[in-house]
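Here my numbering is used: the first residue of the sequence shown is 83, the next is one more, and so on.
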Amino acid sequence: MTAGAEAAGAGVAALALVGAWQRAQWSTSQIMGTTLVHGPNGRELALTFDDGPNERYTQEMLEKLEAAQVRATFFVVGKYARNLPWLLRQIHEAGHVVGNHSLSHHNLVYMTGARIRAEIRDCNAALEDMLGARVHFFRPPFGKRRPAVLRIAQELGLQTVMWNSMGFDWRSGRPPKQIMKAVERGIRRNRKAGRGSTILLHDGGPRGPNADRGRPVAALGFLLERGHAAGSRFVTVSDWWPPAQA
Ligand SMILES: [Zn+2]
């Protein structure tokens, strides 16, 4: 083989590896380890909100959920929650599930095991201390994971939760109706396949505690109205885990 052909072969192999890595990072992939992605009933929808608490927009989400009598799951960033303990408690006291989204929302994939453990453990300790209640669920920042991330979460007693429907609500300027439509496409796809939907929306952002989330709030309003009208049932991830015994 010539040097040129060898280099081309290595290039193809590298590209294949990159492709395999990217597929393993899809939110529904189980290649890096088992995660909870959805429930067994196509009519069930679990709303999940990441990257809060956010003083303004988390409260607006809570108001919409309260008005619709719907419970949801909030994956919060530990360092934001520390500054807003009253809001964290408000989420919990309203009957929503509080989950761990790491202490500082860094990509855990490139960290040592010790740092991954500290990010997850210290977030859990902070949340449990503020809530006086156990935290059982974890979602990795950006959904990025490798086997060690999932193993460490499990060792800390946490079930990792991913998602299978999203509205790309973090893209700036995306109108609420477009967010809603993207989420509903996911729901339809899941329902056809006989799966429940775990919907990802954001009440906060990874760059700071005060992200502008007015558009996801408006999209949530549409989703609640239309979900009820379509005969869906809103649940939290704790309705799905641990799974019911057959
Ligand atoms: Zn996040």
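Quick reminder that beta carbons are idealized off the backbone N, C-alpha and C, glycines included. Note that this is a predicted model, so its numbers are computed, not measured.
As the crow flies, the alpha-carbon of Leu-306 is around 9 Å from that of Phe-316. Contact check for Val-243 against Thr-117 passes: the beta carbons are separated by less than 8 Å. Restricting attention to Gly-195, His-178, Lys-263, the CA atom closest to the CA of Ala-215 is found in His-178. In this structure, the alpha-carbon of Asp-132 lies about 14 Å from that of Cys-205. In the three-state reduction of the DSSP assignment, Met-248 falls in the strand class, which pools E and B.
Boundaries of the alpha helix (DSSP H) around Arg-273: 258–274. In this structure the region 124–141 lies against the region 283–291, because at least three pairs of beta carbons, one per stretch, are closer than 8 Å. Assignment of Arg-289 by DSSP, reduced to helix, strand and coil, places it in the coil class.
The Cβ atoms of Ala-300 and Gly-249 do not sit closer than 8 Å to each other. For Gly-124, the closest alpha carbon among the candidates Arg-273, Ser-254, Arg-105 is that of Arg-273. Segment contact: the region 149–165 against the region 184–201, three or more CB-CB distances shorter than 8 Å; contact assigned. Residue range 279–284 is occupied by the beta strand (DSSP E) that includes Ile-281.
In the DSSP assignment, Ala-128 forms a beta bridge with Thr-280, Val-317.
For Leu-302, the secondary structure class from DSSP, reduced to helix, strand or coil, is helix. With fewer than three CB-CB distances shorter than 8 Å, the region 189–206 does not count as touching the region 260–278.
Ligand 1 never approaches Phe-316 closely enough for any of its heavy atoms to be under 7 Å from the residue's Cβ.
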